[in-house]
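Enquirer:
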C-alpha cells in the first residue's frame, strides 16, 4: 500500500496546490488532521470515482444477496430503506 502523507490543516493551507497536484499526479491521498485527529483527505477525482463505483457495486451485491435469500425474511421495503439511507 502506498504511504499516505498526514498533514495538519495549517500545513495543508500553506501548500494546498502541492497537495492537490500530488493527489492528481500520483493518486496519493493526503490525510488532513485537526488537533491531531484525522478528519479529512484530499484525493484525486479518479480515486473518488473508483470508490463511488465500488460502493455502488457493494450496495447492489447486498441487495442481490438479500433478494436471493428470502428465508431471512427481510422485506424489500427494509432493503430499500437501508439502501437509500446509505446514499444520504
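Residue numbers (our numbering): 610 to 697. Built from N, CA and C at the ideal position, the CB exists for glycine as well.
Tell me the start and end of each unbroken beta strand (DSSP E) in the stretch 617-657 that is at least 3 residues and wholly inside, in chain order.
Expert: 639-643 and 646-651
Enquirer: Would you please state the rounded distance, in angstroms, between the beta carbons of residue 648 and residue 642? I believe it to be under 8 Å.
Expert: Taking the first residue of the chain shown as position 1, residue 648 is located at position 39. Taking the first residue of the chain shown as position 1, residue 642 is located at position 33. The Cβ separation is near 6 Å, so the contact holds.
Enquirer: Would you mind stating whether residue 651 and residue 636 have Cβ atoms separated by less than 8 Å?
Expert: As a working mapping, residue 651 is identified with position 42 in the chain shown. As a working mapping, residue 636 is identified with position 27 in the chain shown. No, the pair does not count as a contact, with Cβ atoms beyond the cut-off.
Enquirer: For residue 633 versus residue 653, is the C-beta distance shorter than 8 Å?
Expert: If you number the chain shown from 1, residue 633 lands on position 24. If you number the chain shown from 1, residue 653 lands on position 44. Their beta carbons are under 8 Å apart, which means residue 633 touches residue 653 by this criterion.
Enquirer: Within 8 Å (strictly less), CB to CB, does residue 635 reach chain C?
Expert: Of the protein chains in this structure there is only one, and it is not chain C.
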